[in-house]
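Working notes for the structure below.
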Amino acid sequence: MPDENKERTLEVVNLPPEVDQELLALYFANKRRSGGGPLVSVEKMGDRAVVVFEETEDADRVLSKESHTLQNTELRVRKPARKDRRRLLLRGLGPSTSLDCIEMYVENILGLNLEDYQLHFTPARDAVIIQLSQPLSEDFQTLSAKISKHSLDEALMTLEEIQQTDSVLVGNLHPGTSPDMLSLYFESRGGNHMVMGVTMLSEGTAKVSFVDYDSVDHVLAQPHKLKGAELEVRPFFDFLQPPQLSDTQAGPQTIEEDDSQPSQMAPELLVEMVPEAEEDQTEEKASLTDLISISDPVKLELFQLGTFQRDMKNTHPDVMMQVRGNGVLMEAADRPTFEQVKNCLLEYFCSMAETHFTLEPEEAEFLERKEHIGPLAF
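The UniProt record's numbering puts the last residue of the sequence shown at 378; the count rises by one with no breaks.
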């Protein structure tokens, strides 16, 4: 999501099926009911929705409102996830690469000391989460370029950013611990964080989701003890869970779960791929997306009328582009192609220039008729 959109964007979670997209749009556009105002877009995806306002002030008013109720249902409204500045995903590890080699590689390329980070491997050991003790200070693109230039055990490596998670994985639970007890614990003794939901994944393991994304790092920074048991608390990333623990209600957020050392939390081992589903593995790797904001609606309309999308489709058939709200949503299968097409797209919009010239009334009237306009080439 472009930075200029983030301050105007809110996420609505735990939506019941009967609350549809049109009703949400009417509610959040109503200043008296919700505190909101004119909208750019509303998109409902399952039990969640993303609402983009025209003005940042309207989004702030909605967020500051104590509660939101629609059709006798209390809505949970929050800011959307940001890129996680404490966690990076390193892909491309060879099966025989030793832990010492990986640690030295990370320390050399990222300029870290051993105490500055932790490594959490997927069970297949083809990827690892680098969890930083402090938020990332160096520019990510600079780090990514460094990684791509340095192989490890003759394997090409890639570095990826991940989105914040709103959930933690809680292990070593005392038998008989209920979801209500966990919810009450984290909303009181566990740090006074508002819990959105608790899902029991096994007798000793649960997923706890919070209303505020920032609650996760606060919870992880504290020790936790419940019913005499020392809880093991880790960040939760759904699609890296074993199939038997996958929470089908969780959103498609990006990557991670940790397990750098053996522990009693065996169920939370990261699984990036289902062994019997080779095609699904490919799909999970091909999830590079970005919404490129275009503030000028005229440029966006010219983009729709022009041949750029068709030309890109011919040269890069795996790249998807479509107009979404006040921007262009892009998806590509690999980072080099993604960056190449994204740069072409940005250059395309930057090359557009506005000029004024005089026309006869009949000519101006003809040009206003959109049905006469064919594809435009730039």
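Idealized CB from N, CA, C, for every residue including glycine.
- Shown here for residue 316: same chain residues with a beta carbon closer than 7 Å to its own, the five before and five after excluded, namely 337 and 341 in chain order.
- About 5 Å separates the Cβ atoms of residue 87 and residue 131, confirming a contact at the 8 Å cut-off.
- Beta-bridge partners assigned by DSSP to residue 330: 290 and 321.
- The C-beta distance from residue 162 to residue 84 rounds to 5 Å, short enough to fall under 8 Å.
- Under DSSP, residue 120 forms a beta bridge with 129.
- Under DSSP, residue 158 forms a beta bridge with 91.
- For residue 98 and residue 180, the gap between their C-alpha atoms comes out near 43 Å.
- Around the CB of residue 164, 16 or more other CB atoms lie within 10 Å, so the residue is classed as buried.
- Under the 8 Å Cβ criterion, the region 171-188 counts as touching the region 199-217, having at least three qualifying pairs.
- Closest in C-alpha terms to residue 156, from the list 100, 93 and 141, comes 93.
- Taken in chain order, the complete alpha helix (DSSP H) segments of 4 or more residues contained in the UniProt domain "RRM" (8-82) are 21-29, 31-34 and 56-64.
- The three-state secondary structure of residue 96, taken from DSSP, is coil.
- The Cβ atoms of residue 13 and residue 71 lie no closer than 8 Å to each other.
- Classified as exposed, residue 212 has fewer than 16 neighbouring CB atoms from the shown chains inside 10 Å of its CB.
- In the structure shown, residue 151 falls within a coil segment according to DSSP collapsed to helix, strand and coil.
- The Cβ-Cβ distance between residue 319 and residue 332 falls below 8 Å.
- Residues of the same chain with a CB within less than 7 Å of the CB of residue 73, apart from the 5 flanking positions on each side, are 16 and 19 in chain order.
- DSSP, reduced to helix, strand and coil, places residue 181 within a helical segment of the structure shown.
- Counting C-beta atoms within 10 angstroms of its own C-beta, residue 145 has fewer than 16 neighbours from the protein chains shown and is therefore classed as exposed.
- DSSP links residue 206 through a beta bridge to 170 and 200.
- Inter-residue distance for residue 294 and residue 188 is about 44 Å (C-alpha atoms, whole angstroms).
- Rounded to whole angstroms, the gap between the alpha carbons of residue 89 and residue 121 is 10 Å.
- Checking the DSSP bridge columns, you'll see residue 195 partnered with 210.
- With distances taken between CA atoms, residue 35 lies nearest to 69 out of 69, 41 and 43.
- Its chain contains 13, 14, 76, 166, 209, 210 and 211 as the residues whose beta carbon lies nearer than 8 Å to that of residue 196, once the 5 sequence neighbours on both sides are disregarded; these appear in chain order.
- Note that the C-beta distance between residue 236 and residue 329 is not below 8 Å.
- Straight-line measurement puts the Cα of residue 207 at about 33 Å from the Cα of residue 56.
- Here DSSP, grouped into helix, strand and coil, assigns residue 86 to strand.
- One alpha carbon belongs to residue 191, the other to residue 230, and they sit about 15 Å apart.
- Of the residues 326, 297 and 37, the one whose Cα lies closest to the Cα of residue 5 is 326.
- The C-beta distance from residue 9 to residue 59 rounds to 7 Å, short enough to fall under 8 Å.
- Counting along the chain, the unbroken alpha helix (DSSP H) around residue 310 starts and ends at 308-315.
- Under a 10 Å Cβ-count criterion, residue 150 is classified as exposed, with fewer than 16 other Cβ atoms of the shown protein chains found around its own Cβ.
- The DSSP-derived three-state label of residue 364 is helix.
- Taking all protein chains in view, the Cβ of residue 305 is surrounded by fewer than 16 other Cβ atoms within 10 Å, so the residue is classified as exposed.
- Where residue 297 is concerned, the enclosing alpha helix (DSSP H) starts and stops at 297-305.
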